[in-house]
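So in my numbering, spot 61 of the sequence shown is number 61, and the numbers just go up one at a time.
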Amino acid sequence: MHKTAAITAFFALTATSAFALDKDAECGIQADVVMSVVEARTGGQDADASVTAVAEGLDDQAQKYVSVVPAIVEWVYSLPEDQLGAEVGESWATACKAQ
């Protein structure tokens, strides 16, 4: 459920100018944002600190996603700890490319 809401929020943004980049590249940027949240969580940050750290760490290309970072954090922090690996970003990229 949370993943669906988070992905929907991302795709609402990408329906406009965000997909000016090649779709694979754009989905890679999104997956990088997701993995930044995963890394923050596995690094011991709480959810609130992760929102701030990830939002402040977005580069120019990822900055357009700053408004959905809280939704991504909520989703990532709802995942069981044993699922927090590279597969999280990979599954995000796969879902993105399927849209």
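Where a beta carbon is used, it is the ideal one built from N, C-alpha and C, also for glycine.
Owing to the predicted nature of the structure, the values given are computational and were not obtained by experimental measurement.
- Gln63 has its alpha-carbon roughly 23 Å from the corresponding atom of Gly85.
- Within the segment 17-55, the runs of alpha helix (DSSP H) at least 4 residues long that lie entirely inside it are, in chain order, 23-42.
- With respect to Ala93, Gln30 sits close: the two C-beta atoms are nearer than 9 Å.
- DSSP places Ala62 outside any alpha helix (DSSP H), giving it a letter other than H or E.
- With 16 or more neighbouring CB atoms inside 10 Å of its own CB, Gly89 falls in the buried class.
- Note that the C-beta distance between Val76 and Val37 is below 9 Å.
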